[in-house]
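Novice: Under the numbering used here, think of the first position of the sequence shown as 198, with each following residue one higher. Ideal Cβ positions, reconstructed from N, Cα and C, are used throughout, including at glycine.
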Amino acid sequence: MQAKQVNSGQHVMILEATRASGAEEWFCPTCGRRLLVTWAPAHKRVVLAQGDFYATHSASKGEGFSLGVVESVTPDISNANGFNDEQLSSWKDWLEEFNWGDF
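1) Quickly, what does DSSP pair LEU292 with across the bridge? List them, please.
2) What are the boundary residues of the beta strand (DSSP E) that includes ARG231?
3) Alpha carbon to alpha carbon, what distance is there between ALA214 and SER257?
4) So, helix, strand or coil for MET198, using DSSP?
5) What is the DSSP secondary structure of GLN247, reduced to helix, strand or coil?
6) Determine the extent of the beta strand (DSSP E) in which ALA214 is found, giving its start and end residues.
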């Protein structure tokens, strides 16, 4: 699925909320992109809303801290590591049914 181009260019994301788990919810007011970012113990990023796939996103939490450019790649898993759709179907089903909640 390819995202619709909204307003490509440089967009600045804002920290909208920090969840009880410590995950931060970042939002781009220009295109609607929304991410959940967990920093420790292992960095994890979940794209909640794609927004403008072609825009370059940056963010800052204040003096001395900057995310720089935030990039996202949506992989084509239809043939990941040589697996066919039949081999990947159980994983795809699990991912669609998994309750991600407030990790």
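Specialist: With the given structure in hand:
1) According to DSSP, LEU292 bridges with nothing at all.
2) 231-235
3) 14 Å
4) Summary for MET198: the model assigns pLDDT 44, below 50, so the residue's position carries little reliability; its value from the coordinates is reported in the next sentence. If DSSP states are grouped into helix, strand and coil, MET198 belongs with coil.
5) coil
6) 207-215
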